[in-house]
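If you're matching them up, the sequences are chains A and B in order.
Each residue of the first sequence is one higher than the one before, starting from 1 at the first, in the working numbering.
Each residue of the second sequence is one higher than the one before, starting from 1001 at the first, in the working numbering.
Every residue, glycine too, gets a C-beta built ideally from N, C-alpha and C.
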Amino acid sequence: MTALEAVATYLPSGRVPIEDLAGQLELTPMQVKLFRRYHRLAEVRREPDGTLLDLLLAAVANLDGLRGREHEIRYVLHARTFPVVVPYPVNPVHALCRILGLDHAVAFAVTHHACATGLLALDVAGRLLAHDGDGLALVLAGEKTFTRDAQLVPETSVFGEGASACLVRHAGPRDRLLAYAAHVRGEFDDELSGDPAAYQREYHSSLADVILAAAGKARTDLGDVRLILPHNVNVVAWQRLCRRIGYPIGQVLLDNVPVAGHVFCADAFLNYQTARERGLLHPGDRYVVAAAGAGRGATFSAMVFEH
Amino acid sequence: MEPSLTIHKGTVVDSIRVLLPRVLRRDVPAADEDTKLMEDLGLSSSTTLELMLELEERLDIQIDVEDIDQDDFATVGTLAEFVASHLLPAE
Chain A
1 MTALEAVATY LPSGRVPIED LAGQLELTPM QVKLFRRYHR LAEVRREPDG TLLDLLLAAV
61 ANLDGLRGRE HEIRYVLHAR TFPVVVPYPV NPVHALCRIL GLDHAVAFAV THHACATGLL
121 ALDVAGRLLA HDGDGLALVL AGEKTFTRDA QLVPETSVFG EGASACLVRH AGPRDRLLAY
181 AAHVRGEFDD ELSGDPAAYQ REYHSSLADV ILAAAGKART DLGDVRLILP HNVNVVAWQR
241 LCRRIGYPIG QVLLDNVPVA GHVFCADAFL NYQTARERGL LHPGDRYVVA AAGAGRGATF
301 SAMVFEH
Chain B
1001 MEPSLTIHKG TVVDSIRVLL PRVLRRDVPA ADEDTKLMED LGLSSSTTLE LMLELEERLD
1061 IQIDVEDIDQ DDFATVGTLA EFVASHLLPA E
């Protein structure tokens, strides 16, 4: 059973209020007000002089569990919202492996579940390691806001920079992955700017369905779920979702939405880190990680873990 | 002037009719209470929230959106009903 052994994250210190992005993102004053008032987005982090490699290395630098165990790493996976995250021929994952002495590992990007790809990468890592029988995988997430699509989810959210790094085992005492459900929605597989309204109409019921599917697979009643670690698109979407599934909004960790925005596939891990720092998870607690990917690779995903 | 804590649904409906062209950035055919916001007018969840912000400014009210659900977005009438029954006191 896949286990999340350690998680580390990194957020750049540069804070950019969403008002400062309005011109660049062609947002009207009313759209900015809507983001701040209802979506509760306030600022994102940016590191204008840093590369994607810098972001990923900064997250790995905080991953103390990796120190001295580099030889155990069999796979390095980079979970990407967008398939293209750097100009060709830059390859930040291979560069990271060289710098960290992980050249022996098989390194590759995981894509095509959009912002739900972080969960897919955990699943893929666990499956590969289960086949091997031992070893560790390093699962990375985080991207640069280097294209317009990587800056704005129309009518929904603003992307921010940041990164996460996780050590994954095929089995272990913490945090055990109990269930994974992923619903790939090909009918919404389009550019982000395609038809937001059609996706929005299905969003809440689709995300609710996949959360309930994962909970069902884990034989876990939602009432026994200590926390939901969400994707950080906005607050109002989770308010409506919670209403739909009858889950207390106070148990959805939304604290990072105003301070970090939507950090691509790293949201879940940033929120996990926040939950740990605040002592919100205790041994035996079950929690749900949920993400919805819009645009290319539209997918709704959820995982149930036991801490 | 302090934001009002009561408002008639009909007043909200009238304001929605006035504000729809601004939110949709195009001319809008005459709408009544039964007009469907998404199917008939092409509003999304997000543009409906934008409409609510415009209503707040026009009517000098504050709306509590925490309990809003998909059903409230169904028609001009359901949205007006939601707004009229979810006013927040002045901050």
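Assuming residue i is part of the beta strand (DSSP E), what are its boundary residues?
i	result
residue 82(A)	Careful: residue 82(A) lies outside any beta strand (DSSP E) and carries neither H nor E.
residue 231(A)	No beta strand (DSSP E) contains residue 231(A), which DSSP labels as neither H nor E.
residue 166(A)	163–169
residue 178(A)	176–184
residue 138(A)	136–141
residue 1038(B)	No beta strand (DSSP E) holds residue 1038(B); DSSP gives it neither H nor E.
residue 303(A)	299–306
residue 45(A)	43–45
residue 172(A)	That residue, residue 172(A), is in no beta strand (DSSP E); it is neither H nor E in DSSP.
residue 88(A)	That residue, residue 88(A), is in no beta strand (DSSP E); it is neither H nor E in DSSP.
residue 286(A)	286–293
residue 110(A)	106–110
For a contact meaning CB atoms closer than 7 Å, what does residue i contact in chain A?
i	result
residue 1024(B)	In chain order: nothing, as chain A lies at least about 11 Å away.
residue 1065(B)	38 and 236
residue 1068(B)	240
residue 1044(B)	155, 196, 197 and 200
Restricting to Cα atoms, I'd like to know which of the options is closest to residue i.
i	options	result
residue 241(A)	1068(B), 1024(B), 1035(B) and 1063(B)	1068(B)
residue 61(A)	212(A), 180(A), 246(A) and 165(A)	165(A)
residue 1032(B)	1060(B), 1087(B) and 1040(B)	1040(B)
residue 294(A)	27(A), 94(A) and 231(A)	231(A)
residue 1(A)	146(A), 255(A), 244(A) and 131(A)	131(A)
residue 243(A)	1066(B), 1077(B) and 1084(B)	1066(B)
residue 170(A)	182(A), 122(A) and 145(A)	122(A)
residue 296(A)	113(A), 135(A), 47(A) and 6(A)	113(A)
residue 44(A)	68(A), 13(A), 69(A) and 239(A)	13(A)
residue 145(A)	285(A), 257(A) and 50(A)	50(A)
residue 69(A)	21(A), 110(A), 168(A) and 120(A)	168(A)
residue 40(A)	276(A), 272(A), 298(A) and 238(A)	238(A)
residue 280(A)	254(A), 227(A), 247(A) and 255(A)	227(A)
residue 94(A)	52(A), 120(A) and 117(A)	52(A)
residue 129(A)	285(A), 4(A) and 273(A)	4(A)
residue 1063(B)	1084(B), 1037(B) and 1074(B)	1084(B)
residue 298(A)	183(A), 285(A) and 48(A)	183(A)
residue 133(A)	149(A), 251(A), 72(A) and 118(A)	72(A)
residue 173(A)	42(A), 29(A), 283(A) and 22(A)	283(A)
residue 1056(B)	1022(B), 1047(B), 1024(B) and 1087(B)	1087(B)
residue 220(A)	110(A), 83(A), 286(A) and 250(A)	286(A)
residue 1025(B)	1078(B), 1060(B) and 1042(B)	1042(B)
residue 1030(B)	1045(B), 1044(B) and 1014(B)	1014(B)
residue 308(A)	199(A), 273(A) and 278(A)	Within the shown structure, residues of chain A are numbered from 1 to 307, placing residue 308(A) beyond reach of any answer.
residue 210(A)	181(A), 83(A), 135(A) and 201(A)	181(A)
residue 213(A)	300(A), 18(A), 154(A) and 233(A)	300(A)
residue 257(A)	229(A), 245(A) and 31(A)	229(A)
residue 116(A)	80(A), 148(A) and 90(A)	80(A)
residue 27(A)	10(A), 100(A), 92(A) and 152(A)	152(A)
residue 247(A)	255(A), 236(A) and 225(A)	225(A)
What residues from chain B crowd round residue i, counting only those whose CB sits closer than 8 Å?
i	result
residue 45(A)	Result: empty, since nearest Cβ-Cβ is about 23 Å, beyond 8 Å.
What first and last residue would you give for the alpha helix (DSSP H) that runs through residue i?
i	result
residue 1022(B)	1009–1024
residue 1077(B)	1076–1085
residue 124(A)	117–132
residue 323(A)	With chain A running from 1 to 307 in the structure shown, residue 323(A) is simply not present.
residue 1046(B)	1045–1059
I want to verify the contact list: residues of chain A whose CB lies under 8 Å from the CB of residue i, in sequence order.
i	result
residue 1050(B)	30, 31 and 34
residue 1053(B)	30, 33, 34, 37 and 38
So residue i contacts chain B; which residues on that side make the cut at Cβ distance below 9 Å?
i	result
residue 243(A)	1066, 1067, 1068 and 1069
Which residues of chain B have a Cβ atom closer than 7 Å to the Cβ of residue i, listed in chain order?
i	result
residue 204(A)	1070
Does the ligand PLP have a heavy atom nearer than 8 Å to the CB of residue i?
i	result
residue 1016(B)	The model depicted lacks the ligand PLP and carries no ligand whatsoever.
Self-check item: Three-pair Cβ contact test at 8 Å for the stretch 139–149 of chain A versus the stretch 256–272 of chain A
Solution: Yes, since at least three Cβ pairs between the stretch 139–149 of chain A and the stretch 256–272 of chain A fall closer than 8 Å, the two stretches touch.
Exercise. Assess, as a yes-or-no matter, whether the stretch 106–122 of chain A is touched by the stretch 66–76 of chain A under the definition of 3 or more beta carbon pairs within less than 8 Å.
Key: Touching, yes, given that three or more Cβ pairs across the two stretches are closer than 8 Å.
Quiz item: Is the stretch 296–305 of chain A touching the stretch 31–39 of chain A, taking contact as three or more C-beta pairs under 8 Å?
Solution: No, they do not touch.
Practice problem: Report the residue ranges of all beta strand (DSSP E) runs contained in full by the stretch 208–274 of chain A; include only those spanning at least 3 residues, in chain order. | Solution: The stretch 208–274 of chain A contains, as complete beta strand (DSSP E) runs of 3+ residues, the segments 225–229 (chain order).
Self-check item: Sequence ranges, alpha helix (DSSP H) only - wholly within the stretch 11–41 of chain A, length at least 4
Solution: 18–25 and 29–37, all fully within the stretch 11–41 of chain A.
Quiz item: Given 8 Å as the limit, is there contact between the stretch 152–165 of chain A and the stretch 253–262 of chain A, that is, 3 or more CB pairs closer than that?
Solution: In short, these stretches touch, since the Cβ pair count reaches three.
Quiz prompt | Stretch pair the stretch 202–217 of chain A + the stretch 182–192 of chain A: three plus CB contacts closer than 8 Å | solution = At 8 Å Cβ cutoff, the stretches touch.
Practice problem: Could you say if the stretch 51–59 of chain A and the stretch 162–179 of chain A meet the contact criterion of at least three C-beta pairs nearer than 8 Å? | Solution: Counting Cβ pairs under 8 Å, three or more are found: they touch.
Quiz item: Counting pairs of Cβ atoms below 8 Å between the stretch 1006–1026 of chain B and the stretch 272–290 of chain A, do you hit three or more?
Solution: Contact fails: fewer than three Cβ-Cβ distances are below 8 Å.
Practice problem: Counting only runs of 3+ residues fully inside the stretch 47–86 of chain A, write out the beta strand (DSSP E) ranges in chain order. | Solution: Taking only runs of at least 3 residues, the beta strand (DSSP E) segments lying wholly in the stretch 47–86 of chain A are 73–79.
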